[in-house]
Structures are given as structure tokens and as C-alpha cells.
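Beneath this line is the structure, given in C-alpha cells, with notes to follow.
Residue numbers (my numbering), protein chains in the order written: chain A, 17 to 460; chain B, 13 to 235.
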């Protein structure tokens with residue numbers, strides 16, 4: 017909901033509602049003011065006309081009689097007529113009094129109560145007396161509730177429509193944005209076949225973004241395909257000569273018997289094997305990183321695989337007096353590619369065996385909980401300095417302290433690549449002392 | 013055996029052909045995919061060795077076509093890539109085994125021998141023997157010169173695997189695949205350590221060595 021609140025269409029709807037409301041209010045206020053002044057002017061005109069009518073009377077006596085006659089039929093709440101003769105007698109349906117607060121109109125009925133409401137009055141001396149005509153402003157005041165009603169009736173539905181329209185649009189665009197986000201997430205995860213599938217109800221700008229994302233993905237896919245082609249071409253073009261060298265060395269090895277020449281041949285063969293292993297590792301890494309192997313995933317028992325790996329490496333550990341053990345449940349199933357997972361565990365074990373001294377203790381621990389599966393390889397060797405934790409997975413990167421141990425600097429890159437392919441997270445911790453390598457697989 | 017080698021690199025092809033001929037096989041060497049397919053459909057070969065990348069028709073398509081046409085001759089793929097995807101792709105296309113370049117001839121020879129014998133490899137003996145050593149699958153007892161030898165389960169499995177393929181070289185990768193069901197590329201000599209442990213129990217105390225090391229290839233038990 018909070019995210020919906022922050023979405024573009026809803027924000028736009030809100031801004032429009034505020035803008036529309038302000039403009040409606042201003043124009044209603046203006047027409048209210050205009051109507052009021054027009055009404056007032058018309059009352060003034062009426063008063064002037066009334067006055068002119070009385071002025072036409074020939075004498076004070078005639079004015080008094082006219083006022084008397086007319087006021088009989090007039091409601092003082094609407095129109096008040098008052099004539100004070102020169103002798104001080106009052107005719108009409110009201111009288112004008114004055115005190116500190118201003119003028120008041122008083123009823124001439126019993127009780128002489130003050131009349132409520134506002135009046136507009138015109139007063140003039142006529143034949144020695146004073147004629148006052150006052151018309152009620154009630155009609156003008158009646159405009160206020162009318163305008164307030166207009167305000168409610170016109171504004172409320174538009175606000176409601178704008179808000180619910182905004183909400184619906186926001187929900188829809190949120191769904192569409194979610195589709196784009198999902199496609200981008202899959203692309204980031206290495207699934208370069210992911211595309212944004214836009215629908216007929218999509219807005220043009222989102223369709224354009226979707227098309228752009230698809231274009232980008234397609235370009236990416238093409239360049240990855242080109243890269244794969246290049247790397248397999250390189251593999252073929254360079255591994256064939258390496259194969260020839262190795263073939264000739266093998267033939268040569270059969271022809272020299274002992275001595276310095278045989279040593280040289282043996283050393284050269286080892287070098288060629290090293291070159292070949294770097295090639296194979298780099299190609300393997302390239303294939304793991306492009307994510308296409310996900311299609312080969314099947315259920316793998318990680319517990320069984322880990323146990324077998326520990327068993328395979330146990331005699332190698334024993335030769336260096338190292339203790340290698342496994343702890344974990346009988347069966348832990350993950351979805352993955354068995355050969356790659358095996359190679360990953362092998363690389364971790366070889367690292368641990370290689371970089372710890374004689375007598376070291378190495379443990380492979382497997383655990384499963386609601387959040388997923390954790391595979392840990394820990395040792396009590398020298399460990400890796402914390403600042404190097406991020407760097408050790410870089411290709412061909414080697415720690416200063418292990419420059420002289422065998423290895424090609426690709427082992428942990430492949431571990432990282434295989435982990436990513438399986439959606440697992442690789443992390444390094446200080447086991448105090450030693451190194452703890454942790455792989456967290458998400459729950460299936 | 014009569015072996016068809018389809019390999020476009022002349023040096024590698026000649027090397028394979030010469031090596032196999034020296035072992036007494038009859039070898040047909042062809043450098044082009046299309047001609048290779050024609051030769052293979054002619055039949056009469058016990059094993060085919062096919063490079064993944066070939067001019068004309070590539071190795072995968074060649075084997076798929078052959079399998080489609082009903083050919084059951086075992087196929088060993090040679091690949092320059094050597095990664096999981098290629099391996100799976102090759103095996104899915106109908107290949108029986110694969111070998112990553114560069115390879116040692118010993119490895120190729122051992123795998124060709126294994127492929128050529130595949131149909132007969134189902135032997136149902138319960139007691140296997142080599143010299144004065146015998147292994148009983150039912151009682152899981154190993155004796156040599158009358159002494160009972162105590163083996164760990166995996167040592168027993170390793171000895172059984174070698175005995176079942178008596179007289180044939182088993183390479184390190186073949187042992188990893190066969191005994192542990194693992195296909196990965198170990199940087200260290202893991203297989204050697206297992207073999208030397210087994211040797212310490214069944215060979216060291218006795219005058220003759222049963223498990224022979226074949227240089228550049230692997231291990232073999234002779235009967």
C-alpha cells in the first residue's frame with residue numbers, strides 16, 4: 017500500500033485533485049462575490065425606484081397615507097417602510113432607531129422588538145418629515161448555502177472519481193512495472209532469454225520502456241552468444257596446438273630414456289598440463305556464468321555428494337596429517353547440476369588442504385532450515401585477511417601468502433560462479449583461527 | 013577391433029591412428045564430417061572416435077544422425093571445450109563417453125578398450141580372483157595367500173572395480189566415475205592416494221605386485 021501511495025499515477029491524480037479543487041473554489045468564490053454585488057445593486061435600484069414613487073406624492077399627508085397603505089400589505093422582514101411626519105408621528109411597519117452600535121430597525125407591532133437580519137436602507141427628507149425605505153438582504157445571504165451546495169455537489173464527485181481512477185491506474189501500472197522489474201531481475205540473474213511481455217492495456221510509455229528493455233536484453237544475448245562463439249573458437253584454435261604439443265611430447269617421452277632430457281620432457285609436459293587446465297577452467301567458468309546450464313538442473317543430494325567428496329579427499333588429508341570430516345543430515349536435496357556442485361566442493365576442499373599446515377583440522381558442515389541449505393567448509397589454518405575476502409573470487413587473483421603454492425587462481429572464481437548459478441551466496445568468515453567458507457542455498 | 017577415427021586435425025588424427033594400430037587395432041582415419049558419416053553408416057566398426065568440431069558435418073550432428081539411422085556402435089567424443097555443457101550435450105546426442113583435449117594416449121586407449129568391451133562387461137561371478145588374491149562379493153571378504161585382508165568399504169569397491177576389468181587399464185578419471193560416481197577434474201592426486209592405501213593392504217606385504225601402474229594412463233590388475 018505504501019508503495020502504491022508513492023506510485024506515479026496516484027501522485028498525479030492527487031496533484032490534479034488539488035489543482036482542480038483550488039481552481040473550482042476560486043471560480044466559485046468569484047461568482048459568489050459577483051452574484052452578491054449584482055443582487056445588492058438590484059436592491060439599491062429597487063430602493064431608488066420606491067423612493068421616486070413616494071416623492072411623486074403631493075404632500076406630507078399624502079406620503080403618510082401611502083406609506084400606511086403600502087406597509088399594511090408588506091412583510092417587515094422583507095421590506096420596511098417608515099415615515100416620520102414633521103409633527104413626529106410615525107407611519108409604516110417599522111421605525112429606524114440609532115444607538116452606539118449603529119442603526120436598528122424596530123418593529124411597530126406590540127413589544128417593539130428589533131427586527132433580525134440585515135437591511136439595505138435609503139432615507140430622505142420629504143415634506144419636512146423623513147421617509148426611510150429598507151429592503152432585507154436575506155436574499156443575498158441565501159446565496160451562501162446555495163453556493164456551498166454547488167461546491168459540494170460539483171467538487172466531491174470529481175475528487176472521488178479522480179482518486180479512484182488514480183488508484184486503479186496506479187494498481188495497473190504497478191502490475192505492469194512489476195512485469196518489467198521481473199524481467200530485469202531474471203536478466204540480472206543471467207537468464208538472458210527473459211523478455212518483457214507487454215499487454216494491450218499497457219500505457220505507451222511503459223510499452224516503450226518494455227521494448228527498450230527487450231532490445232537491451234537481445235543485444236546482451238547476442239553479445240554473449242558472440243562471446244561464447246569466440247571463446248569456443250579460441251578453445252578450439254588454441255587447444256588443438258596444445259594437443260599437438262602434448263602429443264609430440266608424449267612421443268618424445270617414449271624416445272628419451274632417463275637423464276636430463278627426460279627430466280626436461282617431464283617438466284614441459286607438466287607445464288602443458290597446467291596451460292590446459294587454465295584453459296579448461298576459463299571455458300568452464302564462461303559456461304557457468306552465462307546461466308544456460310540452469311536447463312540441466314535436477315535434484316541433487318548435497319549431503320551424499322559432500323560425504324563422497326570428503327571420502328575422496330580423506331587419504332590426501334591424511335598424508336599431511338590433516339583431519340577432514342563431515343557433519344550434517346543424511347539427505348539434503350537441492351536443485352542443481354551434480355558435476356558442477358561436485359567440482360565446487362572439490363575446489364573448496366583442495367583450497368583448504370593446500371593452504372593449511374600439517375595437522376590442520378578441516379570440517380565440512382551441512383545444515384538445512386526453513387531459509388535454505390548452508391554448506392560450510394572451515395579450517396583452523398592461517399585464514400584470509402578480511403580485506404581480501406572480496407578479492408579472492410576474482411579470476412586469476414592470488415593472495416601474496418600463497419603465490420608459491422600450486423593453483424591457477426581460478427578455483428574460487430568457479431566456486432563463486434557455480435554458487436551464483438544455483439542462486440547460492442558465497443561468503444567468507446574468520447573462523448578464529450582459520451577460514452570459514454559459507455555457501456547459502458535458498459529454500460526450494 | 014576395427015576403429016573409425018573422425019578427426020580433422022592431422023597431427024592428432026595421425027597420433028591416435030598410430031597409437032591404436034600399435035596396439036593391434038585396425039584404424040580408419042577420416043578428416044571430414046561428411047565423409048566420416050558415410051564411412052560410419054557403412055558399419056563394421058567396433059568403436060567410433062569422433063571430434064566434436066568437424067568441417068562439413070559437426071560431430072554432434074554426425075552421431076545424432078547415426079543413432080537416428082539405428083547404429084549402436086559405441087562413440088567416444090573428443091572435445092576441445094571439456095565443460096559440463098559439452099559433456100551433457102555429447103552424451104545426449106548419443107555419445108557413450110567423452111575425452112577432453114589435450115589428452116594422453118593412455119587415457120584414450122583405456123576408454124576405447126572399455127567401450128569395445130561394454131556388452132560383455134556384465135559378469136555375474138560372485139568370487140573374483142587375480143593371482144593368489146580373491147574377493148568374495150557375497151561375504152565381502154578379501155583374502156591373499158590365505159590371509160584375510162580387512163578393507164574399508166570404498167577400498168573394497170575400488171578393488172572390485174579393478175578386478176571386474178582385469179587386464180584392462182583404468183584411468184584416474186575412469187576410477188572416479190566408476191567407484192565414486194563423480195565426474196570432476198581434481199587438481200591433486202586424490203586417486204593415487206586411494207590406490208596407494210589399497211596397495212599398502214593387498215600388495216605391500218607380498219612379493220608380487222598385483223596393481224600395476226601404467227605410466228601416463230592409470231592402473232591395471234593382471235590375472
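Note that beta-carbon positions come from the ideal geometry of N, C-alpha and C, so glycine has one too.
According to DSSP, which residues form a beta bridge with residue 137/A? 150/A
Cα-Cα separation between residue 456/A and residue 89/B, rounded to whole angstroms: 36 Å
List the endpoints of the continuous alpha helix (DSSP H) containing residue 61/A. 24-71
Rounded to the nearest angstrom, what separates residue 280/A and residue 272/A at their Cα positions? Distance between the alpha carbons of residue 280/A and residue 272/A is about 10 Å.
Our contact map puts residue 167/B next to residue 209/B with C-beta atoms below 8 Å; I'd like the distance itself, whole angstroms only. 6 Å
Ignore the nearest five residues each way along the sequence and tell me which others in residue 156/B's own chain have a CB closer than 7 Å to its CB. Around residue 156/B: 144, 145, 214, 218.
Between the CA atoms of residue 105/A and residue 132/A - distance to the nearest angstrom: 24 Å
Measuring CB to CB, does residue 235/B end up less than 7 Å from residue 181/B? no
Neighbour flag for residue 272/A against chain B, beta carbons, 7 Å: No, its Cβ sits nowhere closer than 7 Å to a Cβ of chain B.
For the structure I just gave you, are there three or more beta carbon pairs, one from the region 338-346 of chain A and one from the region 287-304 of chain A, closer than 8 Å? no
Span of the beta strand (DSSP E) holding residue 458/A? 451-458
State buried or exposed for residue 21/B, treating a residue as buried only when at least 16 other CB atoms are found within 10 Å of its CB. buried
What residue range does the alpha helix (DSSP H) around residue 44/B cover? Unbroken run through residue 44/B: none, as it is neither H nor E.
With DSSP as the reference, label residue 73/B as helix, strand or coil. helix
Give me the residue from 89/A, 360/A, 368/A, 382/A with the minimum Cα distance to residue 434/A. 360/A
Would you say the beta carbon of residue 196/A is closer than 6 Å to some non-hydrogen atom of the ligand ADP? The model on display carries no ligand, and the ligand ADP is accordingly not part of it.
By DSSP, does residue 234/A sit in helix, in strand, or in coil? Note: residue 234/A maps to helix in three-state DSSP.
Please state the DSSP three-state secondary structure of residue 120/A. strand
Residues of chain A with a CB under 7 Å from the CB of residue 223/B: which are they? Near residue 223/B there are no residues of chain A at all, since even the closest Cβ is about 15 Å away, more than 7 Å.
Reference residue 97/A; option with closest CA among 76/A, 116/A, 103/A, 66/A: 66/A
Which residues in chain B sit within 8 Å of residue 256/A, going by Cβ to Cβ distance? Within 8 Å Cβ-Cβ: 21, 24, 92, 113.
So, using beta-carbon positions, are residue 82/A and residue 73/A closer together than 7 Å? yes
At a Cβ threshold of 7 Å, is residue 375/A touching chain B? no
Here's the rule I'm using: 16 or more other beta-carbon atoms within 10 Å means buried, otherwise exposed. How should residue 277/A be labelled? exposed
Buried/exposed call for residue 450/A, threshold 16 Cβ in 10 Å: Counting other Cβ atoms within 10 Å of its Cβ, residue 450/A reaches 16 or more and is therefore classed as buried.
Just to confirm, are residue 23/A and residue 213/A a CB contact at a threshold of 7 Å? no
When the distance is taken between beta carbons, is residue 294/A closer than 7 Å to residue 424/A? Yes, these two residues count as a Cβ contact at 7 Å.
Could you name the residues of the same chain whose beta carbon sits closer than 7 Å to that of residue 179/A, not counting the 5 residues immediately before and after it, in chain order? 29, 33
For residue 384/A versus residue 348/A, is the C-beta distance shorter than 7 Å? Closer than 7 Å, so yes.
Would you call residue 367/A buried or exposed, if buried means 16 or more other Cβ atoms sit within 10 Å of its Cβ? Residue 367/A is buried by the Cβ-count criterion.
How far does the beta strand (DSSP E) with residue 29/B in it reach, from first residue to last? Residue 29/B -> not in any beta strand (DSSP E); alpha helix (DSSP H) instead, spanning 22-34.
Check for me: the alpha helix (DSSP H) holding residue 361/A runs from which residue to which? 354-370
Given a cut-off of 7 Å on the beta-carbon distance, is the pair residue 228/B and residue 82/B in contact? no
Could you name each continuous alpha helix (DSSP H) segment of 4 residues or more that falls completely within the region 109-179 of chain B, going from the start of the chain to the end? 117-129, 165-176
Name the chain A residues whose beta carbon is nearer than 8 Å to that of residue 228/B? What residue 228/B touches in chain A, judged by beta-carbon distance under 8 Å, is 266, 269, going in chain order.
Does the separation of the CB atoms of residue 233/B and residue 174/B fall below 7 Å? yes
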